[in-house]
Structure formats: C-alpha cells, structure tokens
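Numbering (full-length UniProt numbering), first residue to last: 1 to 90.
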C-alpha cells in the first residue's frame, strides 16, 4: 500500500495536493512553533544589539554605521510586534 495515495501527498513537493488541507497543516504547524521562533528572534536580536554597542565603543560613533543598524532594528521591531499573525504565516 502506497502512503501517498491515502494522504494525497505529492512526492515531488512533499505537500498535500488538497490546498485546504495544506493550509490547515501550515496553520497547525505555525501555532506549534510560533513561540520558539519568536523567542529565538528576540534572543538573537539582543545579542546583535550588544555586538553593535561593542563595535560602536571600539570603532567610534559613525553616523552611517549607527543609522544602518538603527534602521534594521526599527524594521525588526515593526515586523515582530506590529504585523499580525496572518502576515507572519505567509
């Protein structure tokens, strides 16, 4: 018995052939891993900010360097806290 026939899985893409079922699977999967992904992103951003502060302390304040990283941090904060969960899933 071939498992692909019973579940409707595509052997090439490893996705459900039924788009509704694929969407439900992705929603369920996202709900399971959402907190882990969020925590990982927050911890990595904290380390990134600490490294940037150390770079500024060692190399001196450069407006281009500071502006680049402030812009990156602003985009990250906007993406993490202001976008809805529906936009993050896509």
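Don't be surprised by glycine CBs; every beta carbon is placed ideally from N, CA and C. Please read all numbers here as calculations on a predicted model, not as lab measurements.
Suppose the cutoff is 7 Å on Cβ atoms and the five residues either side in sequence are ignored; what does the same chain contact list for residue i look like?
i	result
residue 4	Since pLDDT at residue 4 reaches only 48, below the 50 mark, its modelled position is unreliable, and the value read off the structure follows with that caveat. Answer for residue 4: 11, listed in chain order.
Where DSSP assigns a beta bridge to residue i, which residues make up the other side?
i	result
residue 16	9
Need the endpoints of the alpha helix (DSSP H) that residue i sits in, please.
i	result
residue 83	Note, residue 83: premise wrong, no alpha helix (DSSP H); not H, not E.
residue 60	Counting along the chain, residue 60 falls outside any alpha helix (DSSP H), and DSSP gives it neither H nor E.
Confirm, please, whether the CB-CB distance from residue j to residue i is below 8 Å.
i	j	result
residue 53	residue 66	no
Enumerate in chain order the residues of its own chain whose CB-to-CB distance from residue i is below 6 Å, with the five nearest sequence positions on each side excluded.
i	result
residue 24	none
Nearest to residue i by alpha carbon, out of the options?
i	options	result
residue 80	18, 59, 35 and 51	35
residue 50	70, 82 and 63	70
Return the chain-ordered list of same chain residues with a C-beta closer than 8 Å to the C-beta of residue i, the five sequence neighbours on each side being excluded.
i	result
residue 2	Note that residue 2 has pLDDT 45, beneath the 50 cutoff, so the model's placement of it is unreliable and the number below is only indicative. Excluding positions up to five away in sequence, the list is empty.
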